[in-house]
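Under the numbering used here, the residues of the sequence shown are numbered 8 to 61, in order.
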Amino acid sequence: IKIRKSSGYAILDQSAIQAVKPWKFEPAKKSGNPFAAWVELPIKFILHHDGSQS
């Protein structure tokens, strides 16, 4: 897992990595054969100033 574009905050970048780590992906296939591929997945954080998590 690599961060393509940093949020500018190491803690958010690490949180994004930790959120994605447990995910399981199926290999990309072409004509039924797996091949190496990259996936770009934007992660959006919403920060609440009052400490709530809703």
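Note that CB positions come from ideal geometry on N, CA and C, so glycine has one too.
To the nearest angstrom, how far is the alpha carbon of residue i from that of residue j?
i	j	result
A44	I10	16 Å
P41	F32	12 Å
K37	S14	34 Å
K12	L19	12 Å
V27	D57	26 Å
H55	A17	18 Å
Would you kindly report the start and end of the unbroken alpha helix (DSSP H) that includes residue i?
i	result
A44	Taken as a continuous stretch (DSSP letters only), A44 belongs to no alpha helix (DSSP H), as it is neither H nor E.
P18	The identity of residue 18 in the sequence shown is Ile, whereas the question assumes Pro. Run containing I18: 17-27, per the alpha helix (DSSP H) assignment.
How many whole angstroms separate the CB atoms of residue i and residue j, which I take to be in contact at a CB cut-off of 8 Å?
i	j	result
I50	A23	4 Å
With DSSP run on the structure shown, which of helix, strand or coil describes residue i?
i	result
K36	strand
Could you check which residue in the options has the C-alpha nearest to that of residue i?
i	options	result
Q3	I8, E47, V46	The requested residue 3 does not occur in the structure, where the chain is confined to residues 8 to 61.
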